[in-house]
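In what follows, a single structure is set out as structure tokens and then discussed.
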Amino acid sequence: MLKQAEIENFIIVLLNHTYNMAWDGNIYRTYYCFTAKELYEMINPAKWNVTETFANEHGFRTRYILCGYVLVYFFYLVFLDIIKNNVTFEFPMTGGYSASIYVKCFQDEEFRRLYSGGKFLGIDFIASEFKGYQIYYQWRCYDKIREKPIYISNNLKDWFYSQINQGKQYY
């Protein structure tokens, strides 16, 4: 079976991998987006003690696909928890690094500028009290902080916007 510590270790490896792709000393790349396929291509199922037999018994062709589904489902549960319970997800990291996924609030002039540019069109601006929300990934290392927006599926985005239109506020 998959153990929580092994999943956490994989997340640390994953975040270090994305850090190396998106941060080159003083050169800042504008954006990097990875797909679910790229995520589970980096998985080493041998470290997770997942056998081909176990994967086949549970309806998966290979153990790579099983591990990929677990990872994608993990992120899906994280996004659901963030949207439903208004929480910040902190990744387990060490060495002065920290990373989190949270909801960032845009209001006042910044909200007006983004709304007029076509962002937050699914949000009722009166019900949301002229605030827009976006899920963000934040990476911190000592004095450096980087933030990148996370684009979720249309189904999750529609549910997220419906929560906002019902008056839910995120902090």
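If you read the sequence shown in my numbering, its first letter stands for residue 2, the second for the next number, and so on.
Quick reminder that beta carbons are idealized off the backbone N, C-alpha and C, glycines included.
Asked, Found
"Of all Cβ atoms in chain D, is any one closer than 8 Å to the Cβ of V71?", "The chain inventory of the structure shown lacks chain D, comprising one protein chain alone."
"Less than 6 Å between C-beta atoms, sequence neighbours within five positions excluded: which residues of the same chain meet that for R141?", "S99"
"List the endpoints of the continuous beta strand (DSSP E) containing F175.", "This structure cannot speak to residue 175, because the chain is shown only from 2 to 172."
"What separation, rounded to the nearest whole angstrom, lies between the Cα atoms of K132 and F126?", "7 Å"
"Helix, strand or coil for V14? Go by DSSP, reduced to three states.", "With a pLDDT of only 49 at V14, under the threshold of 50, the placement of this residue in the model should not be trusted; the figure read from the coordinates follows. Helix, per DSSP."
"For F76 and N50, I'd like the C-alpha separation in whole angstroms.", "21 Å"
"On the CB-based measure, 16 or more other CB atoms within 10 Å of its CB, does Y152 come out buried or exposed?", "exposed"
"Less than 7 Å between C-beta atoms, sequence neighbours within five positions excluded: which residues of the same chain meet that for K4?", "Its pLDDT being 46, under 50, K4 is placed unreliably in this model, and the value from its coordinates should be taken loosely. If we look at K4 and ignore the five residues flanking it on each side, it has no Cβ neighbours."
"Can you tell me where the beta strand (DSSP E) with F107 in it begins and where it stops?", "98-108"
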